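Reviewing the structure listed below.
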Amino acid sequence: MSIRSHGLWLACLAAPVGAHPAWEPAWTISWAAQDAFATFPGLLRRADDGALFISFKAARSSGARAGVLRLDNDGTLDWVHERADGSADFDDVVLLADHRVALVGGLTAPFVHTLDADDGGLLWESAATDAVLWIEPSFFQTRQLAQTPTGDLLMRADDGTDFVVPRFDASGQALPAWRWTAADQVATADSIVALPDGGAIVAGRGDNIGGGYRTVRFGADGHVVYTDTELGEIGNPLGAAWLATTPDGAALLVGSPETHLATPGVMAWKIGADGTRLWTRVLSDQSQLPATFAGWAPVLAPNGALHIAVYPPEVLRLLRVDTATGATLSDVASAVPGLTMAQAVAPNGRSLLVGYAFIPGGGGRTYAAMAEFDAGGALCRQRTRLPDLGSLSAVVGAAEGWTILGTSDTGSVVVQRYDADGPCGENLFADDFEPR
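Position one of the sequence shown corresponds to residue 5 (the numbering used here), numbered consecutively onward.
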């Protein structure tokens with residue numbers, strides 16, 4: 005699809021020149037859909053060749069549409085595709101094999117909308133029609149879709165009682181769904197990872213009181229290999245379950261069950277490939293109210309460490325966990341106020357947390373913030389009040405640097421590229437902000 009056929013506009017902004025040139029963006033792209041009163045960014049994915057794929061929601065008076073935006077590695081706009089039918093929410097974009105990309109979402113009408121990654125042309129769309137399903141949106145940075153080594157696509161969904169895995173082959177033909185019944189619980193599926201053997205692991209929650217966090221491993225034929233439940237102190241999950249897997253098939257989970265103080269208390273646990281619980285760690289001090297905190301936006305680093313953004317205090321804060329033992333490697337807070345929405349780890353081991361903070365007295369308005377940590381978890385660089393950015397929602401790290409995704413003050417999608425290897429120790433701020 006041509007860009008002109010969508011009537012889209014693109015503004016390429018020069019990197020700002022300010023008092024702190026050491027950590028300014030190499031390039032900035034601002035984009036919005038025609039006739040949309042706001043264009044909201046969703047997820048950001050990077051292909052092996054450096055191409056960037058962004059899901060978005062274009063909000064118009066006639067309704068909202070979901071779409072995918074592709075940028076080349078230098079920030080050049082390549083193509084834009086909007087899904088013609090159906091409502092849009094915070095839909096996921098997933099990179100597939102054979103130069104394809106999928107837009108997936110739909111809430112109560114789940115769909116997979118598959119595009120040619122090279123030109124944005126529609127290849128096929130399929131919907132999960134065998135049940136009324138609810139797909140949790142991906143604004144918690146959890147995956148809605150996974151692909152098996154044979155090319156099958158697996159969605160994570162639920163129907164209120166069961167975890168449901170709608171499946172499609174590489175051509176979009178529906179396959180029999182996999183199911184796991186959570187007995188008397190109202191189940192919510194949060195994340196899915198495909199396994200090398202053709203199976204998958206689904207993580208989620210039992211939503212009733214005492215439901216806990218639930219993890220289910222399916223074999224390649226859909227049979228249940230194991231189930232696991234983490235109740236925490238009193239059994240109530242507060243927030244999504246995050247899931248990652250190791251090369252040997254183990255599952256790493258992060259969740260924030262309710263404590264006896266009625267606050268979230270972050271935990272991490274590891275499950276072996278056969279369902280054996282390898283370790284369980286309570287990461288926040290749950291003995292006193294000020295010391296409890298929630299886990300947010302975890303990622304697995306190249307060295308195998310589990311990186312978890314935690315909150316509060318109301319600053320960007322990184323907790324690193326040894327995945328072999330569950331021991332805490334570091335827990336470092338930046339001086340930047342804010343709530344982390346996403347994080348990434350670059351090949352050199354550095355981490356970047358991105359998010360937003362509320363403007364004091366601003367009537368709910370926000371500004372963007374980010375903090376970088378070195379490979380050992382020490383604070384490296386930080387920035388806040390990035391010009392014309394109200395929030396940051398996604399980030400990827402690569403050899404060429406950090407690519408961040410956010411929303412402008414005027415309701416457009418903003419993408420920026422920053423270096424990921426500059427000297428640490430520079431206390432960089434914008435708009436005269438100073439740490440308190």
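Glycine residues also receive a C-beta, built at the ideal position from the N, C-alpha and C atoms.
Because the structure is a prediction, the values reported are computed rather than measured.
1) From what residue to what residue does the beta strand (DSSP E) around alanine 42 run?
2) Are the CB atoms of glycine 203 and glycine 239 nearer to each other than 8 Å?
3) Quick one: what's got a C-beta closer than 8 Å to glutamate 438's C-beta in the same chain, skipping five residues either side?
4) Output yes if chain B places a C-beta closer than 8 Å to the C-beta of valine 105; else output no.
5) State the Cα-Cα distance for the pair lysine 274 and threonine 231, rounded to the nearest angstrom.
6) To the nearest angstrom, how far is the alpha carbon of serine 187 from that of arginine 218?
7) Starting from the Cα of glutamine 386, find the closest Cα among Gly67, Pro364, Val340 and Trp246 and give me that residue.
8) Once you ignore the five residues that flank alanine 181 on each side, which residues in its own chain have a CB closer than 7 Å to its CB?
9) Report buried or exposed for histidine 311, applying the criterion of at least 16 other Cβ atoms within 10 angstroms of its Cβ.
10) Tell me where the beta strand (DSSP E) around proline 317 begins and ends.
11) Can you have a look at proline 25 and say buried or exposed, based on whether 16 or more other CB atoms are within 10 angstroms of its CB?
12) How many Å lie between valine 399 and leucine 390 at the Cα?
13) What residue range does the beta strand (DSSP E) around histidine 443 cover?
14) If you reduce the DSSP assignment to three classes, tell me which class valine 293 lands in.
15) Is it right to say valine 349 is buried, meaning 16 or more other beta carbons lie within 10 angstroms of its own, or is it exposed?
16) Is serine 338 buried or exposed, if buried means 16 or more other CB atoms sit within 10 Å of its CB?
17) Using 8 Å for Cβ pairs, my map puts glycine 353 next to alanine 305. What's the rounded Cβ distance?
18) Glutamine 420: which of Gly79, Ala63, Ala62 and Leu73 sits nearest, CA to CA?
19) In terms of residue numbering, what span does the beta strand (DSSP E) encompassing arginine 69 cover?
20) Among Glu234, Gly125, Gln151 and Ala277, which one has its Cα closest to the Cα of valine 270?
21) Excluding the five sequence neighbours on either side, which residues of its own chain have a C-beta within less than 6 Å of the C-beta of threonine 185, listed in chain order?
22) Our contact map puts glutamine 151 next to leucine 100 with C-beta atoms below 8 Å; I'd like the distance itself, whole angstroms only.
23) Taking the continuous beta strand (DSSP E) assigned at proline 427, which residues delimit it?
24) Tell me the rounded alpha-carbon separation between arginine 183 and alanine 346.
25) I'd like the list of long-range same chain contacts for glutamate 262, defined as Cβ closer than 6 Å, with 5 residues on each side in sequence excluded.
26) On the criterion of 16 or more Cβ atoms from any shown chain inside 10 Å, does glutamine 145 qualify as buried, or is it exposed?
27) By alpha-carbon positions, which one of Leu357, Gly210 and Leu179 ends up nearest to alanine 193?
28) Would you kindly report the start and end of the unbroken beta strand (DSSP E) that includes leucine 242?
29) Between tyrosine 360 and arginine 104, what straight-line distance do the alpha-carbon atoms span, to the nearest angstrom?
30) Can the beta-carbon of phenylalanine 41 be found closer than 8 Å to that of arginine 64?
31) Assuming contact is defined by CB atoms lying nearer than 8 Å, are arginine 49 and valine 97 in contact in what I supplied?
32) Measuring CA to CA, which of Phe115, Ala248 and Thr280 is closest to tryptophan 138?
With the structure as the only source:
1) Per DSSP, alanine 42 is one residue of the beta strand (DSSP E) stretching across 42-50.
2) The answer is no: Cβ separation not under 8 Å.
3) Reliability of the predicted coordinates at glutamate 438 is poor, the pLDDT of 42 falling under 50, and no value is obtained from them.
4) This model lacks chain B altogether; it includes just one protein chain.
5) One C-alpha to the other measures close to 13 Å.
6) The residue asked about is misnamed: residue 187 is alanine in this sequence, not serine. Cα-Cα distance, rounded: 12 Å.
7) Considering only alpha carbons, the answer is Val340.
8) Once the five neighbours on either side are set aside, the close Cβ partners of alanine 181 are Asp134, Val168, Val169, Pro170 and Arg171.
9) With a threshold of 16 other beta carbon atoms within 10 Å, histidine 311 meets it and is buried.
10) Per DSSP, proline 317 belongs to no beta strand (DSSP E) and is neither H nor E.
11) A caution first: proline 25 carries a pLDDT of 48, below 50, which makes its placement in the model unreliable, though a value can still be read off. With fewer than 16 other CB atoms across the displayed protein chains lying within 10 angstroms of its CB, proline 25 is exposed.
12) If I take the Cα positions, the gap works out to 15 Å.
13) Nothing can be reported for residue 443, as the shown portion of the chain is limited to 5 through 440.
14) Per the sequence shown, the amino acid found at residue 293 is leucine instead of valine. Here leucine 293 carries a helix assignment [DSSP, helix/strand/coil].
15) By the neighbour-count rule (16 or more Cβ atoms within 10 Å), valine 349 is buried.
16) Classification of serine 338: buried, given that the 10 Å Cβ count is 16 or more.
17) Going by Cβ atoms, the distance from glycine 353 to alanine 305 rounds to 7 Å, so yes, they are a contact pair.
18) The candidate whose alpha carbon is nearest that of glutamine 420 is Gly79.
19) For arginine 69, the uninterrupted beta strand (DSSP E) run begins and ends at 67-75, by DSSP.
20) Valine 270 has its Cα closest to that of Glu234, out of Glu234, Gly125, Gln151 and Ala277.
21) Beyond the five residues adjoining it in sequence on each side, threonine 185 comes within less than 6 Å, by CB distance, of Asp166 in the same chain, given in chain order.
22) The C-beta separation of glutamine 151 from leucine 100 comes to about 6 Å, placing the pair in contact by the 8 Å criterion.
23) Taken as a continuous stretch (DSSP letters only), proline 427 belongs to no beta strand (DSSP E), as it is neither H nor E.
24) Approximately 30 Å between the Cα atoms of the pair.
25) In its chain, beyond the 5 residues on either side, Ile238, Asn240 and Leu242 have a beta carbon closer than 6 Å to the beta carbon of glutamate 262.
26) Answer is buried; the Cβ neighbour count reaches 16.
27) Selection Leu357, Gly210 and Leu179 evaluated against alanine 193 yields Gly210 as nearest (Cα-Cα).
28) Element bounds for leucine 242: n/a, residue is neither H nor E.
29) Those two C-alpha atoms are separated by around 32 Å.
30) Cβ distance < 8 Å, so phenylalanine 41 and arginine 64 count as in contact.
31) Yes, they are a contact pair.
32) Among Phe115, Ala248 and Thr280, the Cα nearest to that of tryptophan 138 belongs to Phe115.
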